[in-house]
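Participant: Quick one: the structure is below, and I'll ask about it shortly.
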Amino acid sequence: MNVLEAIQQRRAVRLFSEQPVPTDVIEQILRAGMRAQSSKNTQPWLFVVVRERETLAALSKLGKFAGHVAGANFAVCYVGTKQATWNSFDLGQAAAQMQLAAHELGVGSCIAAMYDEAGAKALLGVPDDHNFFCVISFGYPSPEHEPLVMGGRKPLDEAVRWEKF
Ligand SMILES: Cc1cc2nc3c(=O)[nH]c(=O)nc-3n(C[C@H](O)[C@H](O)[C@H](O)COP(=O)(O)O)c2cc1C
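Residue numbers (our numbering): 30 to 194.
Given below as structure tokens:
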């Protein structure tokens with residue numbers, strides 16, 4: 030699979046099989062994220078990997094649309110150092126690279142926004158000088174997984190202006 034194919038094909042996966050994802054595959058996914066560019070190469074991130082079922086279930090209750098986290102094989106929590114001005118941009122790029130790498134490796138994924146950031150920080154012991162941005166569920170897709178109908182993207186003409194706004 031080449032990069033363009035992966036970008037075109039990848040859809041959010043919210044239903045996972047029980048097949049465990051081997052640790053070396055998880056590490057490949059993490060390394061792909063850590064290859065992301067960042068402002069001044071500050072790499073202002075910490076990725077907390079959660080595999081314990083109880084913690085996954087607890088995280089799934091901290092977002093309005095985070096139910097899929099409970100059934101993930103593992104989740105990555107995206108934590109940024111607050112003093113880095115561009116940290117949300119940088120972590121977003123790391124997250125996207127992990128999701129694309131996972132797709133290449135046959136692993137599905139979906140973001141879950143943490144509406145209760147304080148609760149998520151308390152659960153994982155994240156200190157005050159860090160932001161807790163989101164959780165991404167990962168796992169091999171369940172045979173019953175169906176991408177949501179609300180996929181698709183705006184046409185180029187709607188999202189792109191040439192030369193001036
Ligand atoms: C910042 C951000 C927050 C998101 N939060 C959630 C969420 O809380 N729950 C969820 O199920 N999906 C969440 N998503 C996934 C989007 O719903 C999904 O990327 C979008 O619907 C496109 O899906 P598709 O790639 O399958 O077409 C989030 C995505 C982003 C980028």
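All C-beta atoms, glycine included, are put in the ideal place defined by N, C-alpha and C.
All figures in this text were calculated on a predicted structure; none of them were measured in a lab.
Does DSSP classify H159 as helix, strand or coil?
Facilitator: As a first step, residue 159 must be located in the sequence shown, where it is residue number 130. Residue state, collapsed to three classes: strand.
Participant: Tell me the residue span of the beta strand (DSSP E) that contains F76.
Facilitator: As a working mapping, residue 76 is identified with position 47 in the sequence shown. Looking at the DSSP string, the run of the beta strand (DSSP E) that includes F76 is 74-79.
Participant: Do you know offhand how far P176's Cα is from V42's?
Facilitator: Counting from one through the sequence shown, the residue named residue 176 turns up at place 147. Counting from one through the sequence shown, the residue named residue 42 turns up at place 13. C-alpha separation (whole angstroms): 7 Å.
Participant: Leaving out the 5 sequence neighbours to the left and right, which residues in its chain are closer than 6 Å to V54 when beta-carbon positions are compared?
Facilitator: If you number the sequence shown from 1, residue 54 lands on position 25. Only L134 meet the Cβ criterion.
Participant: Please indicate yes or no: does the CB of P184 lie closer than 8 Å to some heavy atom of ligand 1?
Facilitator: As a first step, residue 184 is located in the sequence shown; it is residue number 155 there, counting from the start. No, since every heavy atom of ligand 1 falls outside the 8 Å radius drawn around the Cβ of P184.
Participant: With three or more C-beta pairs closer than 8 Å as the rule, is the segment 80-97 touching the segment 121-128?
Facilitator: Verdict: no, contact absent.
Participant: Can you tell me whether DSSP reads T114 as helix, strand or coil?
Facilitator: Looking up residue 114 in the sequence shown gives position 85. Three-state result, T114: coil.
Participant: Near A149, what residues of its chain come up, given a Cβ to Cβ distance below 8 Å and the 5 sequence neighbours on each side ignored?
Facilitator: Position 120 of the sequence shown, counted from the start, is the residue given in the question as residue 149. Here the set comprises L88, L91, C106, M143, V155, F161, V164.
Participant: Within the same chain, show all residues whose beta-carbon is closer than 7 Å to that of P73, passing over the 5 residues directly before and after it, in chain order.
Facilitator: Taking the sequence shown and counting its residues from 1, one reaches residue 73 at position 44. Excluding sequence neighbours, P73 sits near S67, G109, T110, A113, N116, D119.
Participant: Thinking just about the alpha-carbon of each residue, which of A188, E187, S166, L152 is nearest to the one in I58?
Facilitator: Walking along the sequence shown from the start, residue 58 turns up at place 29. The residue with the shortest Cα to Cα distance from I58 is S166.
Participant: Given a cut-off of 9 Å on the beta-carbon distance, is the pair F94 and H174 in contact?
Facilitator: Translated into the one-based positions of the sequence shown, residue 94 becomes position 65. Translated into the one-based positions of the sequence shown, residue 174 becomes position 145. It is not a contact, given that the beta carbons lie outside the stated cut-off.
Participant: Out of P49, L152, S138, L153, which one is the CA nearest neighbour of Q38?
Facilitator: Counted from its first residue, the sequence shown places residue 38 at position 9. Selected option, being the one with the closest Cα: S138.
Participant: Between the C-alpha atoms of G100 and K69, what's the straight-line distance to the nearest angstrom?
Facilitator: Along the sequence shown, one-based indexing puts residue 100 at 71. Along the sequence shown, one-based indexing puts residue 69 at 40. If you take the alpha carbons of G100 and K69, they lie about 37 Å apart.
Participant: As a quick check of your reading: which residues have a C-beta less than 7 Å from at least one non-hydrogen atom of ligand 1, in chain order?
Facilitator: This criterion selects R39, R40, A41, R43, G92, K93, F94, A95, H97, C139, I140, A141, A142, C163, P176, L177, M179, G180, G181.
Participant: Note down, one range per segment and in chain order, each alpha helix (DSSP H) of at least 4 residues found wholly within the segment 36-91.
Facilitator: Qualifying alpha helix (DSSP H) stretches, in chain order: 52-63, 82-89.
Participant: Which runs of the alpha helix (DSSP H) fall wholly inside the segment 113-193 and span at least 4 residues, in chain order?
Facilitator: Whole alpha helix (DSSP H) segments, 4+ residues: 116-133, 146-153, 185-188.
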